[in-house]
Amino acid sequence: MRAVVGLVLILNLAFSFSLDELKNIVKTDGVSGKFKESLFLRDFKEPIISSGEFELRENELLWLTKTPIENSIKISKNGIYQLNNGAWEKISNELFDKEMFMDIISLNFKKLSQSFSINLSGNAQEWRIELTPKSALLKEIFKQISVGGGDVVKYTELNATVGDNTLSQFYDVKR
Numbered sequence: 000m001r002a003v004v005g006l007v008l009i010l011n012l013a014f015s016f017s018l019d020e021l022k023n024i025v026k027t028d029g030v031s032g033k034f035k036e037s038l039f040l041r042d043f044k045e046p047i048i049s050s051g052e053f054e055l056r057e058n059e060l061l062w063l064t065k066t067p068i069e070n071s072i073k074i075s076k077n078g079i080y081q082l083n084n085g086a087w088e089k090i091s092n093e094l095f096d097k098e099m100f101m102d103i104i105s106l107n108f109k110k111l112s113q114s115f116s117i118n119l120s121g122n123a124q125e126w127r128i129e130l131t132p133k134s135a136l137l138k139e140i141f142k143q144i145s146v147g148g149g150d151v152v153k154y155t156e157l158n159a160t161v162g163d164n165t166l167s168q169f170y171d172v173k174r
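Residue numbers (numbering that gives the first Met the number 0): 0 to 174.
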């Protein structure tokens with residue numbers, strides 16, 4: 000029995016990888032593609048679905064929703080901007096933590112580890128990170144945040160404490 004347990008531990012170490020290795024594998028800057036976002040609200044039977052295109056470059060996310068309503072948003076550590084009549088206008092949103100959002104999509108594990116317990120599973124080709132809030136404030140908002148993918152992020156999932164979930168899936172990603 001001890002030999003089996005020892006073999007399992009050795010194999011697990013041989014095939015596991017670290018957050019540092021993952022950060023070197025996953026490209027989080029200079030990527031673009033399409034997205035499908037499904038918002039599952041606790042009191043609705045069907046999800047609210049939107050889709051469009053995204054571009055992540057130089058710590059800035061462009062989120063161009065095409066359906067059901069066209070909308071262009073730019074998110075950076077400097078703020079949230081919406082495209083109105085060809086010009087970017089800053090949106091005031093005190094409830095949205097821009098820095099934490101950018102840390103999640105850029106996989107800034109050093110910063111994320113201050114606010115979340117981080118659990119990495121899988122391998123270099125198919126991995127998943129589960130972020131569990133540490134602070135009482137974040138625990139009031141999120142049960143868990145999951146991010147998964149391969150050489151690029153393929154999905155994010157936000158599980159809110161009120162029972163709502165948001166699944167963002169990324170495809171046709173160009174590096």
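Heads up, the beta-carbon is just placed ideally off N, CA and C, and yes, glycines get one too.
Apart from the five residues on each side of it in sequence, which residues of its chain come closer than 8 Å, Cβ to Cβ, to residue i?
i	result
D163	L38, F39, L40 and R41
R174	K26, G29, V30, D150 and V151
E20	A123
F95	I79
Is it buried or exposed for residue i, if we count other Cβ within 10 angstroms and need 16 for buried?
i	result
T155	buried
V182	Nothing about residue 182 can be reported from this structure: the residues present for the chain run from 0 to 174 only.
S91	exposed
Mind reading off the beta-carbon distance from residue i to residue j? Whole number of angstroms is fine, and I expect it under 8 Å.
i	j	result
Y170	G32	6 Å
S120	R127	5 Å
By Cβ distance, which residues of its chain are closer than 6 Å to residue i, with the 5 residues on each side in sequence left out?
i	result
W62	F53 and I72
N70	T64
N158	K142, Q143 and N164
F108	L18
Check whether the Cβ atoms of residue i and residue j sit closer than 7 Å, and answer yes or no.
i	j	result
G78	K65	no
K133	S114	yes
E129	Q143	yes
S49	E36	yes
F34	S145	no
K22	L111	no
Please report the straight-line C-alpha distance between residue i and residue j, rounded to a whole angstrom.
i	j	result
V25	I104	11 Å
Could you name the residues of the same chain whose beta carbon sits closer than 7 Å to that of residue i, not counting the 5 residues immediately before and after it, in chain order?
i	result
K76	N58, K97, E98 and M101
E88	Y80 and Q81
So that I know if they touch, is there some Cβ in chain B lying closer than 7 Å to that of residue i?
i	result
F53	In the displayed structure, chain B is absent; only one protein chain is listed.
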